[in-house]
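Residue numbers (our numbering), protein chains in the order written: chain B, 1 to 214; chain A, 1001 to 1161.
Here it is, written out as structure tokens:
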């Protein structure tokens, strides 16, 4: 499917996705008790290979929280962090939940090892962030958007993303990828939120936003 | 053991293939999840090819030569032959086709890829002599053109087929 939007149409979409990303950042911030800044999202219609490049290349290791999107909007959402920054975010989140002094303070020698508490906090962070994003988009749709439970995977980015991309390239060569990065206390958390709607529900969303025919 | 970095590293991106008859060449596909990589190597002429397939079936002329197994396999095999391999004596190995995500239910593409590859090769009179398929771990693979070794790297292990 090829959807061509006018510049005005693209601005409407960018505005809505930008607002949704901001909501996602606010949700992550309120969960952590810190102010989380969200960059203006990059919204791009691109190939599967481009999405892999946006995620840091197929072999870069990431901690990913995956949420499937069903209901009036269908597709996939992923919150990706570099392994070190996932530990940092988990520490911020757990400090907010448990209070200072109750954290296991020893640094793990292996950056790919996370304890259950960390994984649970990061999974919930993905859930809250992606849900906030979807709730914002959902306000424009008539039927509810239903996210699946979150799943945490520590893997090469290519391996995490390819199943999702394969599901989308059945629809056509191009996918719409929305990506942003977060920062906390002036320090970047190397985290990216990808939202990849299916082509047919993207059309429904664009219709609902009034972006088609502008 | 780490996978080799060298000027003769040829990378098959998603939906792409690479071929070589140079003994220095290492053919690589990074970060396979549900995708499936097929390695073909002729032990006599030392010609190798590696293809990074995405899906069991789909239209030809989709922009990537080996995006789909049903329409891309012949194109890949012809390219390997054109490079100087005789398919009848080639060694076929495959890796990938994992299931990374368990939620949502609808993403069992890895299994379908493994079945489609096996069937498509049999149909053409070929069979896989070694595989690293399925499971839930991502893989980076490397075909050594000099000797046909097929290296499989995941986050937790490195093995050789």
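C-beta: ideal position from N, C-alpha, C; glycine also.
- Non-local C-beta neighbours of residue 1159(A) in its own chain, meaning closer than 6 Å and more than five positions away in sequence, comprise 1152, ordered along the chain.
- The Cβ of residue 114(B) sits no closer than 8 Å to any Cβ of chain A.
- Separation of residue 119(B) and residue 90(B) (C-alpha to C-alpha, rounded to the nearest whole angstrom) is 8 Å.
- Within chain A, no residue has its beta carbon less than 9 Å from that of residue 27(B); the closest one is some 20 Å off.
- Within the region 1050-1123 of chain A, the runs of alpha helix (DSSP H) at least 4 residues long that lie entirely inside it are, in chain order, 1069-1082, 1109-1123.
- Contact between residue 1117(A) and residue 1069(A) holds: CB atoms are separated by about 6 Å, below the 8 Å threshold.
- When C-alpha distances from residue 110(B) are compared across 1155(A), 1112(A), 1119(A), the shortest belongs to 1155(A).
- Under DSSP, residue 156(B) forms a beta bridge with 61(B).
- As a beta-bridge residue in DSSP terms, residue 1150(A) pairs with 1143(A).
- Not one beta carbon of chain B lies nearer than 8 Å to the beta carbon of residue 1017(A).
- If you draw a straight line from the Cα of residue 169(B) to the Cα of residue 1053(A), it comes to about 13 Å.
- Using a Cβ-Cβ distance cut-off of 8 Å, the region 175-191 of chain B and the region 23-42 of chain B are in contact, since at least three pairs of beta carbons, one from each stretch, lie closer than that value.
- Straight-line measurement puts the Cα of residue 213(B) at about 42 Å from the Cα of residue 1138(A).
- For the pair residue 1101(A) and residue 151(B), the CB atoms are nearer than the 8 Å cut-off.
- One thing to note: residue 1033(A) has its Cβ within 8 Å of the Cβ of residue 162(B).
- Contact annotation: residue 1143(A) and residue 1050(A) have beta-carbon atoms nearer than 8 Å.
- The region 175-190 of chain B and the region 1082-1089 of chain A do not touch, with fewer than 3 CB-CB distances between them shorter than 8 Å.
- Within chain B, the C-beta atoms nearer than 9 Å to that of residue 1109(A) come from 162, 163, 166, 167, in chain order.
- Beta-bridge partners of residue 1160(A) (DSSP): 1151(A).
- Residue 197(B) sits in a strand when the DSSP states are folded into three classes.
- Looking at the DSSP output, residue 70(B) shares a beta bridge with 146(B).
- Short of 6 Å from the beta carbon of residue 1095(A), and not among the five residues preceding or following it, lie these beta carbons of its own chain, in chain order: 1037, 1132, 1139, 1141, 1152.
- Below the 7 Å Cβ cutoff, chain B contributes 48, 49, 52, 162 as neighbours of residue 1014(A), in chain order.
- Only residues of its own chain outside the window of five on either side were considered, and among them 209, 210, 211, 214 have a CB closer than 7 Å to the CB of residue 12(B), listed in chain order.
- Residue 15(B) does not reach chain A, its nearest Cβ partner there being about 29 Å away, counting only Cβ pairs nearer than 8 Å.
- Secondary structure note for residue 1020(A): its beta strand (DSSP E) is the uninterrupted segment 1017-1020.
- Among the bridge pairs identified by DSSP, residue 36(B) is matched with 184(B).
- Remark: C-beta atoms of residue 1109(A) and residue 49(B) do not approach each other more closely than 8 Å.
- Contact of residue 159(B) with chain A is assigned, a C-beta pair being separated by under 8 Å.
- Beta-carbon to beta-carbon, residue 62(B) and residue 82(B) are separated by about 7 Å, close enough to satisfy the 8 Å threshold.
- In the three-state DSSP reduction, residue 189(B) falls in the strand class (E or B).
- 58, 59, 61, 66, 68: these are the residues of the region 55-72 of chain B whose beta carbon lies less than 7 Å from some beta carbon of chain A, given in chain order.
- Taking 7 Å as the cut-off between beta carbons, the residues of the region 1020-1042 of chain A near chain B are 1030, 1031, 1032, 1033, 1034, 1035, in sequence order.
- Residue contact check for residue 174(B) against chain A: no CB pair falls below 8 Å.
- With respect to residue 157(B), residue 57(B) sits close: the two C-beta atoms are nearer than 8 Å.
- At a C-beta separation below 8 Å, residue 1138(A) has these neighbours in chain B: 155, 156, 158, 159, 160.
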